[in-house]
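Which chain is which? The protein sequence lines are A and B, in order.
If you count the first sequence from 1, position 179 lands on 1250 in the numbering used here, and the numbers rise without skipping.
If you count the second sequence from 1, position 189 lands on 281 in the numbering used here, and the numbers rise without skipping.
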Amino acid sequence: MTFAVTNKFGAPMDVYLADPSDGAVYQELEGIGAGATLMTTVTLGNGRYRFECFPADESAVMGPTVTIGAASGISGTTPAVRPVTQADLIPVAKAYQAWVAGRLPVLRSQVGVLASDVAAGDTAKAKADWLTAHLTYETLGAAYDAFGDLDSAINAAPASDVPAAQDTNLTGFHKIEALLWSGAPAPASQAAVAGLLHAVDQLITQFATVDIDPNIIALRAHEIVENAIQFELNGTTDAGSHSNLATIGANLVGANETLNLLSALLVNRYPKLSSAKAALTAAQRLVTGFDHAGTWTPLDELTRAQRETLDAQLENLVELLAPIAAICDERVASQ
Amino acid sequence: MSGVPFGRRGFLSGVLGAGAGALGATALTGATAHADVSGAAATPSAFPFHGPHQQGILTPAQRSGLVAAFDATTSSRAELAELFQTITARARALTAGGAPGDLGISGPPADNGVLGPGVPADGLTVTLSVGASLFDARFGLAAQRPAKLTTMPDFPNDALRRELCDGDLLLQICAHNPDTAVHALREISRATRGGMQPRWRQSGFVSPPRPAGTPRNLMGFKDGTANPDTSDGADMAKLVWTRGGDGEPAWTTGGSYHVVRLIRMLVEFWDRVNLREQENMIGRRKDSGAPNTGSSEFDAPDFVHDPSGESIPTNAHIRLANPRTAQTDSSRLLRRPYNYDNGVDPNGQLDMGLVFIAFNQDLERQFAAVQKRLVDEPLVDYISPYGGGYFFALPGVQDPRDWFGRGLLA
Chain A
1072 MTFAVTNKFG APMDVYLADP SDGAVYQELE GIGAGATLMT TVTLGNGRYR FECFPADESA
1132 VMGPTVTIGA ASGISGTTPA VRPVTQADLI PVAKAYQAWV AGRLPVLRSQ VGVLASDVAA
1192 GDTAKAKADW LTAHLTYETL GAAYDAFGDL DSAINAAPAS DVPAAQDTNL TGFHKIEALL
1252 WSGAPAPASQ AAVAGLLHAV DQLITQFATV DIDPNIIALR AHEIVENAIQ FELNGTTDAG
1312 SHSNLATIGA NLVGANETLN LLSALLVNRY PKLSSAKAAL TAAQRLVTGF DHAGTWTPLD
1372 ELTRAQRETL DAQLENLVEL LAPIAAICDE RVASQ
Chain B
93 MSGVPFGRRG FLSGVLGAGA GALGATALTG ATAHADVSGA AATPSAFPFH GPHQQGILTP
153 AQRSGLVAAF DATTSSRAEL AELFQTITAR ARALTAGGAP GDLGISGPPA DNGVLGPGVP
213 ADGLTVTLSV GASLFDARFG LAAQRPAKLT TMPDFPNDAL RRELCDGDLL LQICAHNPDT
273 AVHALREISR ATRGGMQPRW RQSGFVSPPR PAGTPRNLMG FKDGTANPDT SDGADMAKLV
333 WTRGGDGEPA WTTGGSYHVV RLIRMLVEFW DRVNLREQEN MIGRRKDSGA PNTGSSEFDA
393 PDFVHDPSGE SIPTNAHIRL ANPRTAQTDS SRLLRRPYNY DNGVDPNGQL DMGLVFIAFN
453 QDLERQFAAV QKRLVDEPLV DYISPYGGGY FFALPGVQDP RDWFGRGLLA
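Right, here's the structure in full:
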């Protein structure tokens, strides 16, 4: 059925169509303007329903409860989801923040090893240690917004119009990658590695004082994989190491961390949570299979069948992760 | 274009609903064998999905169409069956039209919204075909392969780019408007992410009659004038539909071999060719579409009184393709082409041409035989086939409980 909802308050208002017994939301209309009317459609079976109005800066108003008891044979009814509140999301964000805070010293130490390799002129070891450090950074995909400009200093993608090794604007991992894999002697990378080390130090200091936006974790659950598809699966970030598949593997570790932290909120809200977890596990297993003792299959060496399977699994995964952002969008609970 | 007005939709569904069913669409097909695609009054807003044959074969070509080839990424025959069931369910719903279910706050919108909230059918047809590669070792289907289904070979004048050829599956999606075809492609792809991956695709359009009769291709010639009459059931049974037995597996009854060829037209070169030479290469007058021996479009070419090719050269396209002899009668095929227009090549030449689509009962007896007659025809200097493939259009989905390929996979 279709409802026309008019906001007669003098300020924007959110309206939910909800189950009065547990507050589960069938439909929401966010930010209806003063005096505006919006149409919304839902398919409802037997049950009890009410509209809940949340005017900006005023207390909530609950509409009368309406019972539908005569509906039968209705299929494809709109599912109800109990709202996820800020109080639900804050502990998730704090746990994620603690996890990232624990990873940063590991990153610092790995970049330190890379610095010694470069100083010693050991290109082979520097390449291996570059990959280790880069993959650690690539697991932190829900935190990049919180890192601010330092994310660009540490991990900006190569530009399309300048060779990365000559790009004076490029810093961080991909600049070092370009230099190490270009055949230049390892010491040529020393300045870039020192810059990276400095940026990571700044990050550790800065991250201790920021709070991760509680809404970001659920959003990033699928965005991490979206970014892996957009920037890694087509190789646009490759500056010579051909390690995009390794990066995707690291991204999936990051996605897995967000999914684990959100699981408790999702278990009774998202019917396909176990499918999403299974798809993530399968994708991780598939990607890890391209790691041959630290040497990863380059993208352009994948057979067509391997490529299609990889694309299919990542795209299936991201479809299954996408509803998490909708379900965990911060809402007000009337119960 | 503004498309088919919604008001007409109710009227036509009333007609179809009055016991005519699939027959109604066939009657319309027959009336438009000469493909009056601009005649909106004769253009239904929805084509029946269920029937012994798939839609999109005898259906008069809608203005917009695309072909998209996919490879199956399923890991078992059971998963493949599930993929076909999912495609069936989406195709059934999309071709009927109607608003999708509302997911509330449980996920992103159920529909991409490209067609607005109501999701009109807009003449959508979805035709699913299978390629020879589906019958390799992966799914244990080798014994079920349609007898004539092979990987499309390189013909002598081809320049095939194999990355734009073949595929386990082919979706042919046609509609009155391009947004409707794209909407369906996106919705079906979204529902099948884990099960299949796109391999190549091409969109196309059918031009309106200029000024009348069969639509023109991008060489400026009317293309399809001599197509078999789709309302002639006996001809369709002889030329289009495959039957189990006759060396074919039983499940193939009601299907059809589906040939797609992406053919670049070298239009800059073509436009520098004298009219007389163009007409001699094709065998038809450019303005009217009449055969060079005749006066108007639907006159039959008269090869009998032109034995040495004074009027229609013996190597003209229409004369080689369809010599109109008793021996070649069974090699006729049903063409359903779309023009394509893609941008520029590295030389700055316009990349445009034809998505040649044909349906035939027997690939060897029909398409391949015609193709062999056309080898080294003068026209080959102005065209370059570079993609496509051989496919087999599955038999129709019979009823709401049936699904694409049930006879093959169940």
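Glycine included, C-beta positions come from ideal geometry on N, C-alpha and C.
Residue range of the unbroken alpha helix (DSSP H) whose run includes residue i
i, result
"Ile1139 of chain A", "Note, Ile1139 of chain A: premise wrong, no alpha helix (DSSP H); beta strand (DSSP E) at 1137-1139."
"Met373 of chain B", "367-374"
"Ile1395 of chain A", "1375-1398"
"Thr1073 of chain A", "It is not in any alpha helix (DSSP H) - Thr1073 of chain A instead sits in the beta strand (DSSP E) that spans 1073-1077."
"Ser1223 of chain A", "1220-1226"
"Phe1278 of chain A", "1261-1278"
"Met328 of chain B", "325-331"
"Gln1181 of chain A", "1157-1191"
"Leu1250 of chain A", "1244-1252"
"Pro270 of chain B", "270-283"
Spatially closest choice to residue i from the options, by CA coordinates
i, options, result
"Gly346 of chain B", "B:Thr272, B:Phe139, B:Asp473, B:Ala485", "B:Ala485"
"Ala461 of chain B", "B:Leu425, B:Arg278, B:His350, B:Thr322", "B:Leu425"
"Met357 of chain B", "B:Gly479, B:Leu262, B:Ala329, B:Asp324", "B:Gly479"
"Leu1290 of chain A", "A:Lys1348, A:Gln1273, A:Gln1277, A:Ala1326", "A:Ala1326"
"Glu371 of chain B", "B:Ala408, B:Ala326, B:Leu412", "B:Ala408"
"Pro1369 of chain A", "A:Leu1333, A:Tyr1341, A:Glu1303", "A:Glu1303"
"Ala304 of chain B", "B:Ser380, B:Ile179, B:Gly215", "B:Ser380"
"Asp1193 of chain A", "A:Ser1345, A:Tyr1167, A:Trp1252, A:Glu1129", "A:Trp1252"
"Gly1183 of chain A", "A:Val1264, A:Ala1214, A:Pro1126", "A:Val1264"
"Gly1102 of chain A", "A:Thr1203, A:Ile1247, A:Cys1124", "A:Cys1124"
"Ile410 of chain B", "B:Leu226, B:Ala188, B:Arg465", "B:Arg465"
Beta carbon proximity, residue i to chain A, threshold 8 Å
i, result
"Ser168 of chain B", "no"
"Leu412 of chain B", "no"
"Phe483 of chain B", "no"
"Gly196 of chain B", "yes"
"Gly193 of chain B", "yes"
"Pro487 of chain B", "no"
"Asp163 of chain B", "yes"
"Gly286 of chain B", "yes"
"Gln289 of chain B", "yes"
"Ala133 of chain B", "At Ala133 of chain B the pLDDT is 49, less than 50, meaning the model places this residue with poor confidence; the figure from the coordinates comes in the next sentence. Not an interface residue."
"Gly232 of chain B", "no"
"Pro492 of chain B", "no"
Any non-hydrogen atom of the ligand PLP closer than 7 Å to residue i Cβ
i, result
"Thr1156 of chain A", "This structure lacks the ligand PLP, and indeed carries no ligand of any kind."
Min CB distance residue i to chain B below 8 Å
i, result
"Pro1091 of chain A", "no"
"Ile1440 of chain A", "With chain A covering 1072 to 1406 only, the question about residue 1440 of chain A has no answer from this structure."
"Gly1102 of chain A", "no"
"Thr1108 of chain A", "no"
"Thr1149 of chain A", "yes"
"Thr1380 of chain A", "yes"
"Ala1383 of chain A", "yes"
"Ala1131 of chain A", "no"
"Gln1355 of chain A", "no"
"Thr1242 of chain A", "no"
"Thr1114 of chain A", "yes"
"Pro1394 of chain A", "yes"
"Gln1098 of chain A", "yes"
Segment limits, beta strand (DSSP E) that includes residue i
i, result
"Arg356 of chain B", "348-357"
"Phe484 of chain B", "475-485"
"Trp292 of chain B", "288-297"
"Val1086 of chain A", "1084-1089"
"Leu1351 of chain A", "Counting along the chain, Leu1351 of chain A falls outside any beta strand (DSSP E), though it belongs to the alpha helix (DSSP H) covering 1344-1359."
"Tyr432 of chain B", "430-436"
Expected contact under 8 Å - CB spacing of residue i and residue j to nearest Å
i, j, result
"Asn384 of chain B", "Arg377 of chain B", "6 Å"
"His275 of chain B", "Gln154 of chain B", "Incorrect: roughly 14 Å between the Cβ atoms, too far for contact."
"Ile1288 of chain A", "Thr1329 of chain A", "5 Å"
"Ser137 of chain B", "Pro212 of chain B", "7 Å"
"Tyr430 of chain B", "Gly287 of chain B", "Actually they do not touch by this definition, with Cβ atoms about 26 Å apart."
"Pro415 of chain B", "Ile404 of chain B", "Actually they do not touch by this definition, with Cβ atoms about 11 Å apart."
"Leu1206 of chain A", "Thr1318 of chain A", "7 Å"
"Asp1159 of chain A", "Leu1336 of chain A", "6 Å"
"Ala1310 of chain A", "Gly1094 of chain A", "Wrong, their Cβ atoms sit about 50 Å apart, outside the cutoff."
"Val1296 of chain A", "Leu1388 of chain A", "6 Å"
Within-8 Å CB hit, residue i to chain C
i, result
"Pro1369 of chain A", "The chain labelled as chain C is not found among the protein chains of the depicted structure, namely A and B."
Output needed in chain order: residues of the region 264-284 of chain B with a Cβ under 8 Å from some Cβ in chain A. Cβ contacts with chain A: Arg282.
Residues within the region 196-215 of chain B neighbouring chain A, beta-carbon criterion of under 8 Å: The region 196-215 of chain B vs chain A, Cβ under 8 Å: Gly196, Ile197, Ser198, Gly199, Pro200, Pro209.
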